[in-house]
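**Student:** Chains as they are written, first to last, in our numbering: chain G, 1 to 125; chain R, 126 to 250; chain D, 251 to 375; chain H, 376 to 500; chain L, 501 to 625; chain C, 626 to 750. Quick one: the structure is below, questions incoming.
6 protein chains.
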Amino acid sequence: MIEYADASPEIRAVYDDIMATRSLTDVNNFWKALATHPPTLARTWASLKQVMAPGALSPVMKEMLYLAASSAAGCQYCIASHTAAARAKGMDDAMHGELLAVLGMAAETNRLAETLRVPIDPAFG
Amino acid sequence: MIEYADASPEIRAVYDDIMATRSLTDVNNFWKALATHPPTLARTWASLKQVMAPGALSPVMKEMLYLAASSAAGCQYCIASHTAAARAKGMDDAMHGELLAVLGMAAETNRLAETLRVPIDPAFG
Amino acid sequence: MIEYADASPEIRAVYDDIMATRSLTDVNNFWKALATHPPTLARTWASLKQVMAPGALSPVMKEMLYLAASSAAGCQYCIASHTAAARAKGMDDAMHGELLAVLGMAAETNRLAETLRVPIDPAFG
Amino acid sequence: MIEYADASPEIRAVYDDIMATRSLTDVNNFWKALATHPPTLARTWASLKQVMAPGALSPVMKEMLYLAASSAAGCQYCIASHTAAARAKGMDDAMHGELLAVLGMAAETNRLAETLRVPIDPAFG
Amino acid sequence: MIEYADASPEIRAVYDDIMATRSLTDVNNFWKALATHPPTLARTWASLKQVMAPGALSPVMKEMLYLAASSAAGCQYCIASHTAAARAKGMDDAMHGELLAVLGMAAETNRLAETLRVPIDPAFG
Amino acid sequence: MIEYADASPEIRAVYDDIMATRSLTDVNNFWKALATHPPTLARTWASLKQVMAPGALSPVMKEMLYLAASSAAGCQYCIASHTAAARAKGMDDAMHGELLAVLGMAAETNRLAETLRVPIDPAFG
């Protein structure tokens, strides 16, 4: 992982933009690890900044969708970081509890539908 | 798959409750396939009904989270049925497009975080 | 996919052993597809024959475990072939229904445990 | 995580039933983490109790199937807890070894079948 | 899916760049489906173009790594498209056979390592 | 885990062959854990030795493909061991960076293709 003090100007430019966009005084470990390949660091941040910007969905809903995908993929770091981010953007205990309930049920019915090889209903388009 | 006409009273009771709750005139293939094991049919519907009921999260947000988990699990039937359900509950083209963008980015950064074995930041709690 | 009539002697030797071991008059599509790389065909069959042979676990239990792993991986071909094999080795409707119920619950609790980042209990060793 | 001493009466009722059903003097971390959302705690325990009850499959076989699904999903907590549970219900070293061998082969052939896009044999129904 | 004839100028600009970069006379279904959300279409193509450009790894090796990831994720469309692309860039039958053999073994040993909860060797850094 | 000093002659024979083939003075934890079921130890090593032997693909490319599959499966032990092995066989920082970039993009486009249910192009064969 590359700390700010040891980073090249190319890497520092990305770190600076991350900190300015998110009002932080340091970047997360994810970015410090990604900085070992500067083109991937720059491209990933540019993509993430665009995808998570306000739009038809609110910031807290986007973070909860990110968390849903991270949970299904079983990525421990991603679960931890996006739980913290969703909390910071307004996810309270009740919302988190219901999110978990939906993810659990989705996992259960996913397995059942896959194993039963359920044909897609014509009504689903 | 078990059609309504061929179903036992135990199975029909579940089908009737699904149709009444969702204002439908038939149940999806998922339930017809699950009916081959009536205890699992009854338990899954009871759980799903409780989990998807209105709460701290809106119905459309719950469907989009369900879709996020189904997408990450790669369940084709689940993707089709929950895309249709989310559409019915208010997901428009812009919301769907942003949902896809979040899921794609989450998949990408999940792989990067896993492969780099990024340690969890103390700030994430 | 390579049919028996078009197969080299090296491939036919594997096909013959599969048919003799399983009392079949043809091999499944899986083997015909694998035959495009003969070393992988021979190695995979040798491993499978050893792994699925009678042992501490009964043949039907081994097939149901195979089906459980295939279901969790979302492999449609594997689910279809190992459902058929488990049926042939004695899995009845009640056993299949309970298998599905276990797989569904396992999927649900897996997601909940991952997302809550539950620490492993010392008692689990 | 919520300890018994800090739990509400609603949560204690579930903890008491888990301990009585399983002859334990405390509940696992999984339940203590789930208790942050009491409706999900109660619903998950009710489902699990029904699914894991004796039936057409023996308790040890149900635990081994649970372990197979947890292994395929890569859930470390679930693997640890269901290995311990299967051991407690009668899984010996030879059974564990054969379980691992089946899961390993299933993972290998799943990947081969998916990547070769093997068409499902008509005989599988 | 949006065909070229029905596409907006914004979408056509991306389609034109894909066709020019890859010497094609039409774009794959993937891009036509992605075009329903133009910002995701443009960003994904920009990222993919940068990532798959010649570098320390050859184009055929990049395609085979893409195929390896798609196989492990069980994405049928991705397996089909990147098998075709890897073939076009020089993957012959022997290389494909060895790729499959590696993916199969990786899947098997991944499951064994996960289920045995093997501690990471200090030498791995 | 079973150390060399405590191993049976059957297990030692496998350990000896691993150390001789790889010019090591000890075997990794993976093999010591697998040794709890000697038939799986012997079969897995025999398969791995055959699969990773020189062929149409170079040793470093085989390790990078192994790493790609391990990353997609989210197996932390496998990612650590095959990153070390790929490094030992010639993967430098630039190659590792490009590998990560490909894996990240593959994960992203896999999710998009699955969720959009893109039909396979006829040209893919």
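We put the beta carbon where it would ideally sit given N, CA and C, even for glycine.
Would D/R272 be called buried (16 or more neighbouring beta carbons within 10 Å of its own) or exposed?
**Tutor:** Its Cβ having fewer than 16 others within 10 Å, D/R272 is exposed.
**Student:** So what does DSSP say about L/P554, is it helix, strand or coil?
**Tutor:** Looking at L/P554 - three-state DSSP - the assignment turns out to be coil, as it is neither helix nor strand.
**Student:** Is C/G722 near G/T44, with beta carbons less than 8 Å apart?
**Tutor:** Inclusion of C/G722 and G/T44 in the CB contact set at 8 Å is not warranted, their separation being larger than that value.
**Student:** D/A323 to L/P538, Cα distance in whole Å?
**Tutor:** So the alpha carbons of these two residues sit roughly 32 Å apart.
**Student:** Is there a Cβ from chain R that is less than 8 Å from the Cβ of D/A270?
**Tutor:** no
**Student:** Roughly how many whole angstroms lie between the Cα atoms of D/V310 and D/A336?
**Tutor:** 6 Å
**Student:** C/L659 lies in the alpha helix (DSSP H); which residues open and close that run?
**Tutor:** N654 to L659
**Student:** If you drop the 5 nearest sequence neighbours on each side, which residues of the same chain put their C-beta closer than 8 Å to that of G/Y4?
**Tutor:** R12, Y15, D26 and V27
**Student:** Thinking just about the alpha-carbon of each residue, which of R/E135, R/S172, R/L149 and R/L159 is nearest to the one in D/E358?
**Tutor:** R/S172
**Student:** Could you run through the stretch 28-50 of chain G and flag, in chain order, every residue whose CB is less than 9 Å away from some CB of chain C?
**Tutor:** L34, T36, H37, P38, P39, T40, R43, T44 and S47
**Student:** How is D/T275 classed by DSSP in three states: helix, strand or coil?
**Tutor:** coil
**Student:** Is the beta carbon of L/G604 sitting closer than 8 Å to the one on D/T290?
**Tutor:** Pairing L/G604 with D/T290 gives a Cβ-Cβ distance under 8 Å.
**Student:** Please look up how many angstroms separate the CB atoms of R/V176 and G/F30, rounded, as I've assumed it's under 8 Å.
**Tutor:** The pair is not a contact, with the Cβ atoms about 31 Å apart (cut-off 8 Å).
**Student:** I'd like the ranges of any alpha helix (DSSP H) spanning at least 4 consecutive residues and lying wholly in the stretch 436-468 of chain H.
**Tutor:** Secondary structure within the stretch 436-468 of chain H: the alpha helix (DSSP H) runs of 4 or more consecutive residues, fully enclosed, are 451-463 (chain order).
**Student:** Are the C-beta atoms of R/I127 and some chain C residue less than 8 Å apart?
**Tutor:** no
**Student:** State the Cα-Cα distance for the pair D/R356 and H/L442, rounded to the nearest angstrom.
**Tutor:** First, the amino acid is wrong: residue 356 of chain D is Ala here, not Arg. Straight-line measurement puts the Cα of H/L442 at about 8 Å from the Cα of D/A356.
**Student:** Please name the residue in C/E688, C/D717 and C/A705 whose C-alpha comes closest to that of L/A556.
**Tutor:** C/D717
**Student:** Please classify D/K312 as buried or exposed, where buried requires at least 16 neighbouring CB atoms within 10 angstroms.
**Tutor:** buried
**Student:** Report the option in L/A580, L/A542 and L/A601 whose CA atom is closest to the CA atom of L/E510.
**Tutor:** Among L/A580, L/A542 and L/A601, the Cα nearest to that of L/E510 belongs to L/A542.
**Student:** For L/L616, does the three-state DSSP call read helix, strand or coil?
**Tutor:** coil
**Student:** For G/P59, which residues in chain R fall below 9 Å Cβ to Cβ?
**Tutor:** The premise fails here: G/P59 is roughly 11 Å from chain R at the closest Cβ pair, so nothing lies under 9 Å.
**Student:** Tell me the rounded alpha-carbon separation between H/K464 and H/I377.
**Tutor:** 27 Å
**Student:** Closer than 8 Å between beta carbons: that is the criterion. Which residues of the stretch 67-84 of chain G meet it against chain C?
**Tutor:** A69, A73, G74 and C75
**Student:** Taking just the CA atoms, how far does G/L112 sit from C/M644?
**Tutor:** Between C/M644 and G/L112, the C-alpha separation is close to 44 Å.
**Student:** Specify the secondary structure class of H/M376 as computed by DSSP and reduced to three states.
**Tutor:** coil
**Student:** For L/A623, which three-state DSSP category applies?
**Tutor:** If DSSP states are grouped into helix, strand and coil, L/A623 belongs with the helices.
**Student:** Under the assumption that C/M720 contacts L/L565 (Cβ atoms under 8 Å), give the Cβ distance between them as a whole number of angstroms.
**Tutor:** Contact between C/M720 and L/L565 is absent: CB atoms are separated by about 10 Å, not below the 8 Å threshold.
**Student:** Pull up the distance between the alpha-carbon of R/Q201 and that of D/Q326, whole angstroms please.
**Tutor:** Approximately 11 Å between the Cα atoms of the pair.
**Student:** Please list, in chain order, all residues of the same chain as H/A408 whose beta carbon is under 7 Å from its beta carbon, the five residues on each side excluded.
**Tutor:** M376.
**Student:** Please report how far the alpha carbon of D/I370 lies from the alpha carbon of L/H582, in whole angstroms.
**Tutor:** 39 Å
**Student:** Tell me which same chain residues have a C-beta within less than 6 Å of the C-beta of G/S70, skipping the five on either side of it?
**Tutor:** Non-local beta-carbon contacts of G/S70 in its own chain, meaning distances under 6 Å to residues more than five positions away in sequence, involve C78, I79 and H82 in chain order.
**Student:** Any beta carbon from chain R within less than 8 Å of D/D343's own beta carbon?
**Tutor:** yes
**Student:** Compute the distance between the beta-carbons of G/F124 and R/A178, then report whether it is under 8 Å.
**Tutor:** no
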